[in-house]
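> One structure, pasted below without further comment.
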Amino acid sequence: MKNRITPTSVEKVMREEDFIVSMTDLQGRITYGNRIFIEFSGYSEQELLGTQHNIIRHPDMPRAVFKLLWDTISGGSECNAYVKNLAKDGSFYWVFANITPLFDPNGAITGYFSVRRKPDPKAVQTMGEVYRLMLEEEQRAGARDAIAASTRLMLNLLSEKGLSYDEFILAF
Amino acid sequence: MTNSSLLSRLSGILWLSPVAMLAIVVASIPFRGFDLFLLAFPAMAVAAAIGVQLMVRRWMAPLPKLNALIAEVSQGRFNGRITEVSEKGELGALCWNLNDMLDQLGAFFREQETTFRCNLDGKFYRHTMPVGLHGGFRKGLLNQNTLLEAMAGQKRAAMYTGLVSRTHHLNTANLLDNLASNQNDLKVITDKMRVVTELASKTCEDAEAGKALVNDVVERLTGITDRISRANETITRLNARSVEINRAVTLINSIADQTNLLALNAAIEAARAGEAGRGFAVVADEVRKLAESTKHASESIGQIMSTLSGETSYMLKDSVEMRESANASQAVIAQMEARFTQFHESASQTMTNADYVHDLSFSSLVKVDHVMYKQRAYVVIDGQNEECMRAIGVDHNNCRLGKWYNEGEGRQLFGNLSSYGALLAPHAKVHGSVHAMTKLMDGPWQTNQALQDKIIDAMEEAESASREVMDLIGRLVDEKHPGMVL
Ligand SMILES: Cc1cc2nc3c(=O)[nH]c(=O)nc-3n(C[C@H](O)[C@H](O)[C@H](O)COP(=O)(O)O)c2cc1C
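Listed in order, the protein sequences are those of chains A and B. To get my numbering, take the position in the first sequence, counting from 1, and add 2. To get my numbering, take the position in the second sequence, counting from 1, and add 5.
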């Protein structure tokens with residue numbers, strides 16, 4: 003999905019008592035979005051339904067994060083990530099996303115369920131910095147090696163701290 | 006209540022008025038005649054019924070969806086939602102509120118399930134995330150966190166107890182074997198030391214007896230020296246006598262010469278006869294004097310000869326005694342030789358025994374080092390202990406056994422034995438496995454059963470390698486002292 007929106011520096015901040023909920027099919031096409039999603043993304047329900055979830059992808063996000071996200075959830079596990087999202091009007095909003103697979107009664111994955119909460123401001127600051135470095139690394143490495151390069155950077159950071167990705171992310 | 010939906014009942018009601026109107030128009034014909042105009046009323050009513058029915062159908066469109074969704078929820082499935090809600094009124098709000106409710110329910114159950122599963126997997130850092138959840142849902146998740154914390158605490162304690170009890174089990178079993186091996190070494194050392202003590206006391210006796218024999222020999226040799234010095238004196242005296250004899254012999258010789266001369270003179274004087282009375286008397290006197298001197302001389306020779314024979318018998322006696330003495334000494338010396346041979350024998354036995362005991366005590370010491378090394382590893386598992394941690398950090402080249410093996414007597418004295426070469430690998434493995442264990446202990450063993458199993462595996466490997474090391478050390482000593490093995 004091509005984004006023709008020019009990002010601005012306007013930030014929308016989530017409220018403690020809300021969360022954004024969305025669901026997708028196996029390919030990441032949106033099948034449901036709650037009213038908070040509609041409010042923050044700035045798109046109507048009709049615009050959202052059937053669209054790729056990357057409609058709200060912000061160019062500041064490194065690709066490796068989404069690779070990790072898809073690897074994790076398609077493996078049947080939950081994925082937690084801080085994500086900077088792009089609204090239709092070019093503004094951005096940070097979320098703490100928890101994405102889990104949806105299972106049918108036979109245990110097969112039928113789609114994905116995402117709950118995005120108001121993130122801890124400290125985490126946003128830290129992860130913003132981490133993503134900036136990862137993005138730089140991706141640009142330096144070139145398209146083909148981008149994900150490998152920034153993943154390595156993230157793994158180095160984690161091994162320095164002696165934490166797994168989940169431990170690190172959930173420690174804020 | 007029939008199956009007929011709200012919509013069909015509503016349309017029933019809607020269609021009632023055109024039907025009623027048509028009935029009225031038809032009923033009025035006998036009284037007022039047929040009036041086409043009157044038909045306009047039922048026709049309008051039909052149009053209104055159709056219009057209203059269409060509108061209602063649109064307004065009610067979410068109802069079957071709502072119905073199906075709620076039926077699904079009542080089956081415990083929360084994944085459905087109502088989308089494409091065009092209706093803005095109460096029904097639209099109802100749809101969105103139902104979606105919100107399902108979002109809350111879905112998020113709540115997902116959180117609950119995920120955190121439970123993570124807790125069971127030992128990922129205690131995964132708490133519930135109550136942000137965005139409302140009222141009872143929020144409270145429920147907060148309560149769940151308390152519960153998870155308690156579960157985590159229990160699991161941690163259980164895992165700790167599990168690890169400690171398993172290692173204790175492993176330790177106790179092996180420690181007893183190790184101690185038994187050391188006990189056996191000490192028993193052999195004690196036995197050998199008794200032999201060494203016996204040998205030493207025997208050596209001491211032999212030395213004591215040897216000393217008495219030496220005293221005897223010294224006494225006898227002193228006797229011989231006395232006699233030799235006496236013989237020496239006698240010989241000196243004999244020498245002096247022989248000078249005297251020489252002189253006497255010279256005297257006798259000169260007497261004989263003079264007697265000859267006198268005899269010649271007497272012969273001459275006899276030839277002159279007659280007139281010789283006076284002269285002959287003088288000659289006769291001289292001959293008498295000569296005879297006297299000769300007598301003296303032979304007397305002194307006789308004397309000398311008797312002294313000589315006295316001295317000779319002395320010497321003879323001494324020489325007999327000296328021979329006896331020398332014979333006796335020889336016997337004593339033979340005895341001494343036997344004693345010294347025994348002495349040497351015991352001394353060399355003492356040495357081999359002492360050497361064996363030394364090696365055995367060293368091997369026992371190494372075994373104790375080994376046991377302590379493992380004990381420290383177990384202490385580290387029990388709870389972090391800096392000192393023990395540092396102590397077990399040493400590798401197989403720098404522990405006592407390693408130094409002995411590489412640089413010390415080990416290579417020099419044992420290097421050519423087959424067990425020496427075999428020792429390196431298991432010894433390295435003991436250290437390697439313990440180091441692997443300490444690395445694993447850095448990991449989340451309190452939550453990860455597989456990791457705990459790996460820790461136990463590492464220690465089991467260390468124990469089995471250690472058994473091999475102990476065995477090889479024992480064999481090393483046996484191999485070096487083949488005669489000593491009991
Ligand atoms: C349930 C679900 C929720 C997602 N939420 C977001 C999101 O909030 N923001 C985002 O940028 N990507 C989100 N993604 C990931 C997108 O599908 C996509 O991978 C990402 O935007 C990167 O786009 P790209 O793959 O075209 O590079 C979500 C995916 C799933 C399955």
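Ideal placement from N, C-alpha and C gives every residue a C-beta, glycine not left out.
Would you kindly work out how many angstroms separate the C-alpha atoms of residue 205 of chain B and residue 362 of chain B, rounded to a whole number?
The alpha-carbon atoms of residue 205 of chain B and residue 362 of chain B are separated by roughly 15 Å.
> Can you tell me whether residue 137 of chain B is buried or exposed, with buried defined as 16 or more other CB within 10 angstroms of its CB?
Flag for residue 137 of chain B reads buried.
> For a cutoff of 8 Å on Cβ pairs, would you count residue 97 of chain B as touching chain A?
Answer no: the Cβ-Cβ gap between residue 97 of chain B and chain A never drops below 8 Å.
> Could you name the residues of the same chain whose beta carbon sits closer than 8 Å to that of residue 119 of chain B, not counting the 5 residues immediately before and after it, in chain order?
Counting only Cβ-Cβ distances below 8 Å, and skipping sequence neighbours, we find 131.
> Look at the alpha carbon of residue 136 of chain A and the alpha carbon of residue 32 of chain A, and state the distance between them as a whole number of angstroms.
Computed Cα separation, rounded: 27 Å.
> For the region 19-33 of chain A against the region 109-119 of chain A, do three or more pairs of beta-carbon atoms, one drawn from each stretch, fall closer than 8 Å, so that the two count as touching?
The region 19-33 of chain A is in contact with the region 109-119 of chain A.
> Whose C-beta lies closer than 6 Å to the C-beta of residue 171 of chain A among residues of the same chain, with five residues either side of it excluded?
The residues are 82.
> List the whole-angstrom C-beta distance separating residue 442 of chain B from residue 463 of chain B, where the pair is believed to meet the contact cut-off of C-beta under 8 Å.
Rounded, the Cβ-Cβ distance is 4 Å, consistent with contact.
> Whole angstroms are fine: how far does the CA of residue 144 of chain B sit from the CA of residue 128 of chain B?
Answer to the nearest angstrom: the Cα atoms are 22 Å apart.
> Counting only Cβ-Cβ distances shorter than 9 Å, please list the residues of the region 25-39 of chain A near chain B, keeping chain order.
Residues passing the 9 Å Cβ filter: 25, 33, 34, 35, 36, 37, 38.
> Using a Cβ distance threshold of 8 Å, determine whether the region 140-156 of chain A contacts the region 29-44 of chain B, with at least three qualifying pairs required.
No: fewer than three Cβ pairs fall under 8 Å.
> Just reading off the beta strand (DSSP E) that residue 35 of chain A is part of, what are its end residues?
That run of the beta strand (DSSP E) goes 32-35.
> By the criterion of Cβ-Cβ separation under 9 Å, what are the contact partners of residue 409 of chain B in chain A?
None at all; the shortest Cβ gap to chain A is about 38 Å.
> Let me see if you follow: with CB-CB separation under 8 Å, is residue 161 of chain B close to chain A or not?
Residue 161 of chain B does not count as touching chain A.
> Would you please verify whether the beta carbon of residue 100 of chain A is less than 8 Å from any beta carbon of chain B?
True, the Cβ-Cβ gap to chain B drops below 8 Å.
> Hey, is residue 114 of chain A close to ligand 1, as in C-beta under 7 Å from one of its heavy atoms?
Within the cutoff, so yes.
> Any chance the CB of residue 71 of chain A is under 7 Å from a heavy atom of ligand 1?
Checking every heavy atom of ligand 1 against the Cβ of residue 71 of chain A, one is found closer than 7 Å.
> Quick check on DSSP: helix, strand or coil for residue 100 of chain A?
Residue 100 of chain A falls in the strand class under three-state DSSP.
> Chain B beta carbons: is any one of them nearer than 8 Å to that of residue 110 of chain A?
False, the Cβ-Cβ gap to chain B never drops below 8 Å.
> Going along chain A in order, which residues have a C-beta closer than 8 Å to the C-beta of residue 89 of chain B?
Within 8 Å Cβ-Cβ: 47, 48, 51.
> If I measure Cβ to Cβ from residue 140 of chain A and keep anything under 8 Å in the same chain, skipping five residues before and after, which residues do I get?
The residues are 64, 65, 66, 148, 149, 151, 152.
> Span of the alpha helix (DSSP H) holding residue 51 of chain B?
Here the alpha helix (DSSP H) through residue 51 of chain B covers 45-65.
> Does DSSP put residue 347 of chain B in a helix, in a strand, or in coil?
Helix at residue 347 of chain B.
> Return helix, strand or coil for residue 149 of chain B, following the three-state DSSP convention.
Three-state result, residue 149 of chain B: helix.
> Only counting runs of 3 or more residues, tell me where the beta strand (DSSP E) segments fall wholly within the region 125-166 of chain A, in order along the chain.
With a minimum length of 3 residues, no continuous beta strand (DSSP E) run stays inside the region 125-166 of chain A.
> Buried or exposed: where does residue 67 of chain B fall if 16 or more other Cβ atoms within 10 Å of its Cβ makes it buried?
Buried, by the Cβ-count rule.
> Run through chain B and tell me which residues come within less than 7 Å of residue 172 of chain A, C-beta to C-beta.
Under the 7 Å cutoff, chain B gives 130, 131.
> Determine the chain B residues that contact residue 19 of chain A at a beta-carbon separation under 8 Å, and present them in chain order.
Under the 8 Å cutoff, chain B gives 137, 139.
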